[in-house]
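Structure first, then comments.
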Amino acid sequence: MLTYTIRRLLIAIPTLLFISLIIFLVVTLAPSDPTANLPLSIPSEVRAQIRESLGLNEPLLVRYLLWLRQFFVYEPLHILDQAFGWSLATDDMQRILSWQTRSPVADLIVQRMPQTLWVVGTSYIIGVLIALPIGIVSAYRQYSWFDQVGTFVSMAGFSVPTFFTGVLLIVIFSVQLGWFPSIYDTTHEVTDLASFWVQVKQMIMPVAVLALYNAAQISRFMRASMLDNLNQDYVRTARAKGLSEQVVVLVHVLRNSMIPVVTVIALGVPTVFGGAIITEQVFKVNGIGQLLIIAIQGGDVPTVQTLTFIFAVLIVLFNLVADVLYGLLDPRIRYD
Amino acid sequence: MTDMPVEETEIIRPPRNQWLDVWDQFKTHKGALMGAAFFVFILLAVTIGPLIWTIDPTYIDIRARNQGPSLGHPFGTDQLGRDTLARMLSGGQVSVAVGVAAMALSLVVGTFIGVLAGYFRRLDGILMRLTDLFLALPLLPLLLVIIMLFRDALRSAFGPEGGIFILIVGVIGITSWMQTARIVRGDVLALKEREFVLAARSIGTPSHRMITRHVLPNVLSPIMVSATLGIANAIITESALSFLGLGFPSDFPTWGRLLFDSTDYLQQYPERVIWPGLAISLTVLSVNYMGDGLRDALDPRIRGR
Amino acid sequence: MPDGAAPVLDVRDLQTVFRTRTGEVHAVNSVSFHLQPGELLGVVGESGSGKSVTMMSLIGLLPSPPAEVRAGRVEFGGRDLLKVREKELRALRGARIGFVFQDPMTSLNPVFTVGYQLREPLRKHMGMDKSAAHKRAVELMDLVGIPDADRRLEDYPHQFSGGMRQRVMIAIALACDPEVLIADEPTTALDVTIQAQILELMKELRQRLGMAVIWITHDLGVIAGIADRVIVMYGGQVVEQAPVKELFANPQHPYTRALLQTVPHLEGARAPRLKVIEGQPPVLSAPPRACPFRARCSHAFDRCARENPARVPVGPGHDAACFWDAEREAPRDV
Amino acid sequence: ERGSDGQVNIIYWQAPSTMNPYLSGGTKDLEAASLVLEPLARYDQDGNMVPWLAETIPTVENGGVTEDLTSITWKLKPGLKWADGSPVTSADVKFSWEYCTAEGGGCAQSEKYNDVVDVETPDELTVIVRFGVAKPFPYGPFVGAQAPVIQAAQFAECLGAKAPECTDANFKPQGTGPFTVVDFRPNDVIQLEANPNYRDPEKPAFASVLFKGGGDATAAGRSVLETSEFDYAWNLQLAPDVLANMVSAGNGKIVSGFGTLVERILINMTDPSPELGDRRSTVDTPHPFLTDMAVRQALSMAIDRELLVEIGYGDAGRPTCNVLPAPEIYKSTANDGCLVQDIERAKALLDEAGWVPGPDGVRAKDGVRLSLLYQTSTNAVRQDFQALIKQWWEEIGVETELRNIDASVFFGGDPGSPDTFQKFYADVEMYANNFDGTDPESYMANWLCKEIPSPETQWQGNNINRYCSEAYDALVAEMAVTGALEERAELAKAMNDMLMQEYVILPLVDRGRVSAHSNTLGGVVLNTWDSELWNVADWYRIE
Amino acid sequence: MFDAPRRKLVEVNGLKMYFPIHGGILRRRLGEVRAVDDVSFDIYEGETLGLVGESGCGKSTCGRAVLRLYDITEGSIRIDGEEIGDAGYKLLRARRPKMQMVFQDPQASLNPRMTVARIIGEPLDEHTALSKPEKLDRIYELMDAVGLNRNFANRYPHEFSGGQRQRIGIARALALNPKFIVCDEPIAALDVSIQAQVVNLLEDLQSKFGLTYLFISHDLSMVRHIATRVAVMYLGKVVELAPRDALYGAPMHPYTQALLSAVPEPDPNIETRREHIILKGDVPSPANPPKGCNFSTRCPQVMDICRQIDPEFREVVPGHYAACHLHDIQQTRTAGEPAAQEVSPSDQQGEVT
Ligand SMILES: Nc1ncnc2c1ncn2[C@@H]1O[C@H](COP(=O)(O)OP(=O)(O)OP(=O)(O)O)[C@@H](O)[C@H]1O
Ligand SMILES: Nc1ncnc2c1ncn2[C@@H]1O[C@H](COP(=O)(O)OP(=O)(O)OP(=O)(O)O)[C@@H](O)[C@H]1O
Ligand SMILES: [Mg+2]
Ligand SMILES: [Mg+2]
Ligand code: NI
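Chains as they are written, first to last, in the numbering used here: chain A, 333 to 668; chain B, 3 to 307; chain C, 928 to 1261; chain D, 13 to 555; chain E, 4 to 356.
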């Protein structure tokens, strides 16, 4: 298992380097411009000056290598410095700066993490918690009305675009009923029960939209996986032992069915960080997704590049996590 | 060699096509049947519809703007007085075309890669690396960037609408083939171990015929299922792109675009959101149900051969 | 085993159908048999003849839907198993009736340790605590001849070979000292040398524990070596029933006879050509109104197509369901 | 009384990315910064200059500006303090200049300091700005939201290439304004609190500000007008009926004001056909038919500007026939004929000029068809405009193909992209432009012959429509040496009229700013010449 | 053996087929599964060589390797005098018609999406240039030969019973008039009552077309019925090879003895008195075979030498080969007397054939 993990990590290095190059090329070659959003009243000489100060005049390769060094050497040092009060990083080790805000990209990401984790994370967890029982019951009572309804709801869940459901919820619950705020307050701090309640209220709608979407997908997986296992011979064995139906389904079948589902859930985690862009946009949860969109719109190459690469790392990482989980959960699998 | 020629159980039946069996099973899945019916309805509406409902979707009748449903405009008009029904029909044409074309592209790429990787051991490693690589690419940013990169080259080559159509179809296709490739590869790997492939090899069937004759027909069912999901996925992706301002230009109606444009009017003219919203959701839903039914119908275990 | 003793299990007119999309499948039709205490009843018959379905019907193991036990009585311990509630049935399963299935590779849950699966019935039926169950599990593993039991209990099924897994299955079935053990083709998936090990084990266990066993197989050789009495199934019915020696020496049903002739032997003269039973097994889409074997029977005559023969005694403890009297080479008059 | 009114919530649907206006020219950033940083003088809602950190506005009359127009002397108000309590001195003012003009800093406002050769600080409160040339309008440096005064002590280490690295300073600059930054989250939210050292002890009335960014105009408007989550929403560029519907909820009001922003169609005087390769859209290749004034005039006449306003902007726009619509003294009335659409006359005009309709309804002359490519940036209102105008133009027999380009590319100025507005690879294009402050001199200088973009200048240059006239150049030169306001106004009007009457620019809409504030927020005075938040110190809560 | 100059149709020498095992951090080749490890045998024209052994011992691999369905690791295979062990794709394709295969699972070996006619016609498509009607004629001819009703030509495999499917597979193998057919457990998946049908068919075809079979099976009784000579495999190696009666009558290798004794005899009278040799333990993994003799871990007669030295596969008595140290000893000490007696039944061979 360990060697397997190490091997996968080793393979991941060239993959990630290659991905970073692709991302770099694609992002850099895109004809967008960091000065495009400035008012037209700013003359072109000034724009040229600004571009130069952003390092846009360097050759492509130099910029790529610089970025690599910044990402893999300078940033970690700076982050260690910040965390432990060391001073490993010297002054000439420039961090990756966003073109728009002129601040380190890492700081931006750290700043946006809480709301993304809160909203999107919660919705993912809730989605999973809803999905599992639905999937289990749907499979156990295949073709029953519960299954039919569950199938319909989950299909509808990913058939309706989130920007549509989001706006609909806002109009109903914020504008008409006034129950929940339409704009997420990222500065809100939970200190007591009342403020916790405020937090819950502002999370309800985005979480609901996303959870529905996530639950829809995962419940389908759960159902399929349960169905696969319900017909297995060992289920018959368990019944022949005189175990109650509950134990048979919730212990024997579920444990086996969870193996592929857990990996699906793990694989879905990277999307927690990036996939909720539209929902973040609709509810003004200024999280990672919104950061990315703004950076793309503003031609902020370092931010786009870094974020995209982090997503790639997460995807690769959680792929690995999923595989390792698979190995841990399923004793038959031995990686070596 | 004195087998009884015809036994009781072997009542001579006319040769029965596989697909008839599939259809028989498919018919028993009510959801799938309804889905298929609705999808056919949508297809007919967007292809034949514009011939019947002949109002030009781009015609501006400024006096008739923001009208509710009426006889002249059954779905009402938009803020420039364009007929919503006509725009829905021509928008549907684009959306469905995008869905079908993107699905076709991703299927072709996915199947090609999947079959090659599964069939030729030597290519497997590198092709699967490639697939993993694509899977590891964060799609949305890349989508956005690719659209910016190539939009204009294609526009000049294929005209303003053709260009963006090709681009969107291309982008959605190129970024969604990986699942198909993986599934197909898995199936091909399993298939390769099946004895009839070995039998064909023992006959000396060359690889290309092996693939077309034995492998492809047998991976058809996962491909078909992928196909339905692919259509749904492409339609949704196109509308999401529209939402992020990257889809078709706004003078070019698609369902996604119409939906996005009308969300601002949700309160005043809710029907304007309802039409494209319903169209997208129902189409995707119907296609999903179709896929579900197809999956069951194509699974011999369920079909009970 | 004196015929007079009360049977532990008495099955009368069992009828099971499956409702499928294409219609009903009458898998078991009016099956009757009994099991004496301590005896080993062999069940033979070709694939699809309803052996497994019969046994699973007894203790409600068939998935319902599509299966439905239409009629019959299954008397066990003084009650009709088809009438008792699911809960009571569960209390019987694994405790008083043990079950061993054909495929040891898939019949054990791959994600639980062997120990866990072995302790499960102990804790459920005997109310043992964990340590007691563990001790008993070790005993059982020793009993079925798996060395180093203490350690191996913590292993997962995939770490066992096929033969050992089947031993584990047997251990699970024996865990609560059942009165009846039903073994559904327990050695079919195994190699001959391993099969020999299991058969040997079975003989030994029977001597030590003395339970009654139903042993399903389609290998006549296995039956010959292990069974006391045999029932032969065909097309969802029991067509012949006899003590093992009697059956092999004096088969009465044409199917049994044909079956015995089609198999090649390891010893003795080598037949230049194998006998064949032409044709195919019947389709079970309707309740039988005629002899299911008539299409393949060389003796079939008009009555066979009109009437489904009942089992009639043809010798001591021997009955067969056929209108043809093999001894007399003439139709039987019943 | 300071801090008595609690918190005010402001929403900008474009989120500020920095608080340092020198590092970003974006309006959102400038306005956010204006809560904290202040210039020596500002424009009020009417475009008049008012002293802010300075005692008075220096003029030639009061001796603040030398007769030769090469230097200006500012006097700071005495007793000014930074939020941290340290005194504001002339050194800070001088430093602000040094900061923006430092080598390698990429200052977005460096144009404000054009021609400044030196800034002298004879004493703590006096600042003398010296120009290299005569400056008839010497109010560039340290005036308006673009060029505020920053604290020397805080930014001393941040000169030039180091500027971007001073994240702390850029996000939390020390200021003299009514509020100071507590927490700045780039592209998200800013929390501010009242500046304890603000010069007016009574102000600001609010103890804190929550400044939220991001989203879209609809959501911002909704949050003020419908759900009352916010008190002030900026720049609600929404369809008029949508806005009207929101207002009808009764929670807030719309405020609007007009500045110099004009949505216009530029006519390409050069030939953009792709066959020309390198020479397309350069002065070497005159346009095949747009050089005919009759065509240009007909195009203008065919447009119903009133309707465009109604569809696209409602109260936030008014039809205009001038490219220089404001301030009042510069506004010409000579061209107002264009306000009325006249399709018939447009057709007649084309007929007269010999453009006759072909079988497909498209006019042509000598084999040249009136077929246009009409491009603009991607934006819902602009696309509606395109659709309408296309229909009108086709009515008079001009075939029109529409194209829209993502704003970041269109305005991106990337010399490698074929789709920038400077390259103008189209026959006509549409966008909006304005100028900072109230003085149109540099704005009108855009149409100098030498400003024509070309491959040689990397397509830099502001004369986008490639108009070239000696007479016009002469007027620009004259304005550069004219000091008196009235004369300057006459010159500017003359230039405007020249452009209008040659129909090289078709102004469409004078676009105003529309913002909204809740009914409980008092003191809002919309200012289009400076930051909208210019008087935030005077805002208060209405109970 | 004596009356006819028998020609060796298939000669296999030192055949090895290893499947690599990859692993470790860099996915390097860690070892190999020695599925077939140095196997040599000949098959005479017109005979049936039975190949028996336990599951996983490499029977199928051996059969497939002989037909070069795998790229073999080492060894030489001559079919009809022609070396194909290292033949390239072209040559191999040209030789395919001569050698064919019948597979274990009649369901899995037929493409479910092809009609019977297409399945049987596939080899004709590949190797002949027959016109359509000619091809159809040939297909009908083949269907007749295997006892399939011509009406079935347009049906799909799932519409047939197991025995019928196996007939389709046999018809396909016959299509090109092969000389040599590898039957890889052709009856294992069939019901007892159907097995006999297929075996009889195979026998009939053999006598009709003069076919040569390599008949792989784990059913020792059936092999006894059909085979002329029998090879016993254990863990990748052939441990004993002898004419049928010699092998069943007097098995030399302890494994063969155990195997034979383990087969239950369908006769209670014999079965109850038969001695069963119960082997201990399980078959070792072919990836990690024991040192010395492969059977040394389970052999009831194991000696020290068995754990050290892999016994040579030798002709112990004429026509009877075995790989066992027991026979080394016999050879050296008792000059093979008892063996010679036991083997005598092999002489019958000549009479039967
Ligand atoms: N779930 C089911 N649905 C429909 N028919 C079924 C089902 N299970 C079994 N049958 C049918 O019941 C009949 C008897 O099956 P059963 O499994 O008892 O045969 P068997 O004698 O055990 O055969 P084998 O030797 O192959 O195990 C068969 O015809 C089979 O097709
Ligand atoms: N493609 C392969 N890759 C790796 N190992 C293989 C492969 N094919 C077979 N083996 C291994 O080679 C060994 C021999 O397999 P083979 O299928 O020849 O056995 P067999 O004697 O035919 O068994 P059975 O009676 O079960 O068919 C087994 O251990 C198997 O796991
Ligand atoms: Mg069974
Ligand atoms: Mg095999
Ligand atoms: Ni024979």
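Positions of the beta carbon are idealized from the N, C-alpha and C atoms, including for glycine.
For residue 595/A, no CB of chain C lies under 7 Å from its own CB, so it is not counted at the interface with that chain. Taken atom to atom, the span from the alpha-carbon of residue 104/E to that of residue 203/B is near 10 Å. In terms of Cβ geometry, residue 290/B and residue 234/B form a close pair [threshold 7 Å]. With respect to the C-alpha of residue 478/D, the residue from 544/D, 464/D, 470/D having the closest C-alpha is 464/D. Taking the Cβ of residue 64/E as the reference point, at least one heavy atom of ligand 2 falls within a distance shorter than 6 Å. In this structure, the beta-carbon distance from residue 936/C to residue 1003/C falls below 7 Å. Separation of residue 519/D and residue 440/A (C-alpha to C-alpha, rounded to the nearest whole angstrom) is 41 Å. Residue 613/A counts as buried, since no fewer than 16 other beta carbons sit within 10 angstroms of its beta carbon. Of the heavy atoms belonging to ligand 3, none sits nearer than 6 Å to the Cβ of residue 352/A.
Sequence-distant Cβ neighbours of residue 59/D in its own chain, meaning closer than 6 Å and more than five residues away, are 339, 450, 541. Listed by position in the chain, the residues whose beta carbon lies within less than 7 Å of some heavy atom of ligand 3 are 978/C, 979/C, 1029/C, 1111/C, 1112/C, 1143/C. Fully enclosed alpha helix (DSSP H) runs of no fewer than 4 residues occupy 317–324 of the stretch 317–353 of chain D, in order along the chain.
When 9 Å is used as the limit between beta carbons, residue 323/D is near these residues of chain B: 64, 67, 81, 82, in chain order. Residue 1186/C and residue 1149/C do not touch by the CB rule: their CB atoms are close to 14 Å apart, not below 8 Å. Every beta strand (DSSP E) stretch that sits fully inside the stretch 1092–1156 of chain C and reaches 3 residues is listed by chain position as 1107–1111, 1139–1143. Out of 245/B, 136/B, 294/B, the CA that lies nearest to the CA of residue 179/B is found in 136/B.
In the structure shown, residue 461/D falls within a helical segment according to DSSP collapsed to helix, strand and coil. Spatial neighbours of residue 939/C in its own chain (CB-CB distance under 7 Å, excluding positions within 5 residues in sequence) are listed in chain order as 959, 999, 1000.
When CB distances to chain A are screened at a threshold of 7 Å, not a single residue of the stretch 312–344 of chain D falls below it. In this structure, DSSP gives residue 385/D an extended state, which the three-state scheme calls strand. Shown here, residue 290/E sits in coil according to DSSP, grouped into three states, outside any helix or strand. Residue 65/E is a Cβ neighbour of residue 39/E, given a cutoff of 7 Å. By the criterion of at least three beta-carbon pairs nearer than 8 Å, the stretch 326–346 of chain D is not in contact with the stretch 292–309 of chain D. With contacts defined by Cβ atoms closer than 7 Å, residue 24/E and residue 34/E form a contacting pair. Contact of residue 253/D with chain B by beta-carbon distance below 7 Å involves 68, 270. Closest by C-alpha distance to residue 48/D, out of 555/D, 364/D, 554/D, 545/D, is 545/D.
Taking residue 348/D as the centre and dropping the five residues before and after it, the same chain places the C-beta of 333 closer than 8 Å to its C-beta, in chain order. Under the three-state reduction of DSSP output, residue 491/D falls in the helix class.
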